[in-house]
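Below is one structure; the comments refer to it alone.
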Amino acid sequence: MERRILMCRSHPVMSFDYNRQSGHAVGVGEILDRNRLPLELVTHSKDAVYARRIDMWWAHRAIPSTRDGIRRVLDSMGIRSTVELLDKSLGLSLSDQYWVKPESSNARWEDVNFFTNPFDENLGKLMR
559 MERRILMCRS
569 HPVMSFDYNR
579 QSGHAVGVGE
589 ILDRNRLPLE
599 LVTHSKDAVY
609 ARRIDMWWAH
619 RAIPSTRDGI
629 RRVLDSMGIR
639 STVELLDKSL
649 GLSLSDQYWV
659 KPESSNARWE
669 DVNFFTNPFD
679 ENLGKLMR
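Going by my numbering, the sequence shown opens with residue 559, and the numbers climb by one from there.
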(Lines of atoms letter the chains of each structure in order from A and count residues from 1; the text may use other names and numbers.)
(Lines give C-alpha, C1' and ligand atoms only; values in the text may rest on other atoms or scores of the structure.)
Protein backbone atom coordinates (compact mmCIF):
# COMPACT_ATOMS: atom_id res chain seq x y z
CA MET A 1 0.00 0.00 0.00
CA GLU A 2 1.28 3.43 -0.88
CA ARG A 3 -0.04 6.85 0.10
CA ARG A 4 -0.61 9.06 -2.94
CA ILE A 5 -1.26 12.76 -3.29
CA LEU A 6 -3.51 14.13 -6.04
CA MET A 7 -1.95 17.40 -7.13
CA CYS A 8 -3.21 20.36 -9.17
CA ARG A 9 0.04 21.83 -10.44
CA SER A 10 1.96 22.44 -7.17
CA HIS A 11 -1.07 22.26 -4.86
CA PRO A 12 -1.95 19.11 -2.87
CA VAL A 13 -5.65 18.40 -3.44
CA MET A 14 -6.37 14.97 -1.93
CA SER A 15 -4.48 12.12 -0.29
CA PHE A 16 -5.45 8.46 -0.65
CA ASP A 17 -4.06 4.94 -0.32
CA TYR A 18 -3.18 3.15 -3.54
CA ASN A 19 -2.45 -0.52 -4.15
CA ARG A 20 0.11 -0.69 -6.98
CA GLN A 21 -0.40 -4.42 -7.51
CA SER A 22 -4.13 -4.11 -8.12
CA GLY A 23 -3.97 -0.59 -9.57
CA HIS A 24 -6.81 0.57 -7.32
CA ALA A 25 -7.38 3.15 -4.63
CA VAL A 26 -8.17 1.73 -1.21
CA GLY A 27 -10.48 3.11 1.46
CA VAL A 28 -11.33 6.78 1.52
CA GLY A 29 -9.45 9.75 0.09
CA GLU A 30 -8.94 12.77 2.33
CA ILE A 31 -9.76 16.10 0.66
CA LEU A 32 -7.00 18.65 1.29
CA ASP A 33 -8.20 21.46 -1.01
CA ARG A 34 -11.88 21.26 -1.97
CA ASN A 35 -11.60 24.27 -4.32
CA ARG A 36 -9.12 22.46 -6.59
CA LEU A 37 -10.79 19.04 -6.56
CA PRO A 38 -11.58 17.71 -10.08
CA LEU A 39 -15.31 18.01 -10.77
CA GLU A 40 -15.62 14.22 -11.09
CA LEU A 41 -14.47 13.88 -7.47
CA VAL A 42 -16.59 16.63 -5.91
CA THR A 43 -18.65 15.30 -3.02
CA HIS A 44 -21.13 17.80 -1.69
CA SER A 45 -20.92 18.28 2.09
CA LYS A 46 -18.44 15.43 2.54
CA ASP A 47 -14.80 15.57 3.58
CA ALA A 48 -13.83 12.33 1.87
CA VAL A 49 -13.95 10.61 -1.51
CA TYR A 50 -14.54 6.86 -1.69
CA ALA A 51 -12.04 4.60 -3.47
CA ARG A 52 -14.53 3.61 -6.17
CA ARG A 53 -14.94 7.23 -7.27
CA ILE A 54 -11.16 7.75 -7.23
CA ASP A 55 -10.74 4.61 -9.37
CA MET A 56 -13.31 5.82 -11.90
CA TRP A 57 -11.56 9.19 -12.20
CA TRP A 58 -8.15 7.48 -12.50
CA ALA A 59 -9.34 5.00 -15.16
CA HIS A 60 -10.77 7.82 -17.30
CA ARG A 61 -7.32 9.44 -17.39
CA ALA A 62 -5.79 6.42 -19.13
CA ILE A 63 -5.42 6.22 -22.90
CA PRO A 64 -8.12 3.80 -24.08
CA SER A 65 -6.64 0.32 -24.57
CA THR A 66 -8.53 0.14 -27.89
CA ARG A 67 -6.70 3.19 -29.30
CA ASP A 68 -5.07 2.41 -32.65
CA GLY A 69 -1.34 1.71 -32.22
CA ILE A 70 -1.33 1.70 -28.40
CA ARG A 71 -0.16 -1.93 -28.12
CA ARG A 72 2.91 -1.21 -30.28
CA VAL A 73 3.86 1.82 -28.20
CA LEU A 74 3.33 0.01 -24.90
CA ASP A 75 5.44 -2.94 -26.09
CA SER A 76 8.24 -0.61 -27.18
CA MET A 77 8.23 0.93 -23.69
CA GLY A 78 8.07 -2.43 -21.89
CA ILE A 79 4.71 -1.54 -20.34
CA ARG A 80 1.87 -4.07 -20.03
CA SER A 81 -1.22 -1.85 -19.98
CA THR A 82 -2.50 1.69 -20.33
CA VAL A 83 -3.19 1.73 -16.58
CA GLU A 84 0.47 0.87 -15.90
CA LEU A 85 1.46 3.65 -18.30
CA LEU A 86 -0.81 6.04 -16.43
CA ASP A 87 0.81 5.03 -13.14
CA LYS A 88 4.35 5.43 -14.50
CA SER A 89 3.52 8.84 -15.99
CA LEU A 90 2.01 10.06 -12.69
CA GLY A 91 -1.38 10.44 -14.36
CA LEU A 92 -0.13 13.48 -16.25
CA SER A 93 -2.18 14.71 -19.18
CA LEU A 94 -2.14 17.43 -21.81
CA SER A 95 -5.79 18.25 -21.09
CA ASP A 96 -5.48 19.47 -17.49
CA GLN A 97 -3.01 20.16 -14.69
CA TYR A 98 -3.73 17.24 -12.37
CA TRP A 99 -1.24 14.54 -11.51
CA VAL A 100 -0.70 11.98 -8.76
CA LYS A 101 2.54 11.38 -6.90
CA PRO A 102 3.61 9.08 -4.09
CA GLU A 103 3.51 10.94 -0.78
CA SER A 104 7.21 10.16 -0.31
CA SER A 105 8.17 11.67 -3.68
CA ASN A 106 9.93 15.01 -4.06
CA ALA A 107 8.64 15.36 -7.64
CA ARG A 108 7.63 18.91 -8.57
CA TRP A 109 5.14 20.07 -11.22
CA GLU A 110 7.87 22.16 -12.85
CA ASP A 111 9.97 19.03 -13.40
CA VAL A 112 7.31 16.58 -14.61
CA ASN A 113 4.49 18.36 -16.48
CA PHE A 114 4.00 17.73 -20.20
CA PHE A 115 3.51 21.41 -20.99
CA THR A 116 7.14 22.45 -20.43
CA ASN A 117 8.95 19.09 -20.37
CA PRO A 118 9.54 16.73 -23.30
CA PHE A 119 7.68 13.47 -23.73
CA ASP A 120 7.61 10.69 -26.33
CA GLU A 121 6.03 12.04 -29.54
CA ASN A 122 4.47 8.65 -30.39
CA LEU A 123 2.79 8.68 -27.01
CA GLY A 124 1.64 12.25 -27.59
CA LYS A 125 -0.07 11.27 -30.84
CA LEU A 126 -1.98 8.54 -29.00
CA MET A 127 -3.11 10.96 -26.30
CA ARG A 128 -5.05 13.13 -28.74
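Glycine included, every Cβ here is placed at the ideal spot set by N, Cα and C.
Owing to the predicted nature of the structure, the values given are computational and were not obtained by experimental measurement.
Cβ of residue i within 8 Å of Cβ of residue j?
| i | j | result |
| --- | --- | --- |
| ALA583 | ILE563 | no |
| ASN671 | LEU650 | yes |
| TRP615 | LEU599 | yes |
| ASP575 | ARG561 | yes |
| SER568 | TRP667 | yes |
| ARG610 | LEU644 | no |
Classify residue i: buried if its beta carbon has 16 or more other beta carbons within 10 angstroms, exposed otherwise.
| i | result |
| --- | --- |
| VAL607 | buried |
| PHE673 | exposed |
| GLY587 | buried |
| LEU652 | exposed |
| MET559 | exposed |
| ARG630 | exposed |
| LEU597 | exposed |
| ASN647 | One detail in the question is off: residue 647 reads as Ser in this sequence, not Asn. Burial call: buried. |
Tell me which residues share the same chain as residue i and place their Cβ nearer than 6 Å to its Cβ, disregarding the 5 neighbours each side in the sequence.
| i | result |
| --- | --- |
| PRO570 | ILE563 and LEU590 |
| GLY581 | VAL641 |
Who are the Cβ neighbours of residue i in its own chain at under 7 Å, not counting the five residues just before and after it?
| i | result |
| --- | --- |
| CYS566 | ARG594, GLN655 and TYR656 |
| ASN577 | MET559 and VAL584 |
| GLN579 | none |
| THR601 | VAL607 |
Can you find the residues in the same chain that come closer than 8 Å, C-beta to C-beta, to residue i, ignoring five residues on each side of it along the sequence?
| i | result |
| --- | --- |
| ASN675 | ASP669 |
| ASP605 | GLU588 and ILE589 |
How do the stretch 616-623 and the stretch 631-649 stand: do at least 3 beta-carbon pairs fall below 8 Å, yes or no?
Short answer: they touch.
Complete runs of the alpha helix (DSSP H) confined to the stretch 578-647 [at least 4 residues]
609-619, 628-635 and 640-646, all fully within the stretch 578-647.
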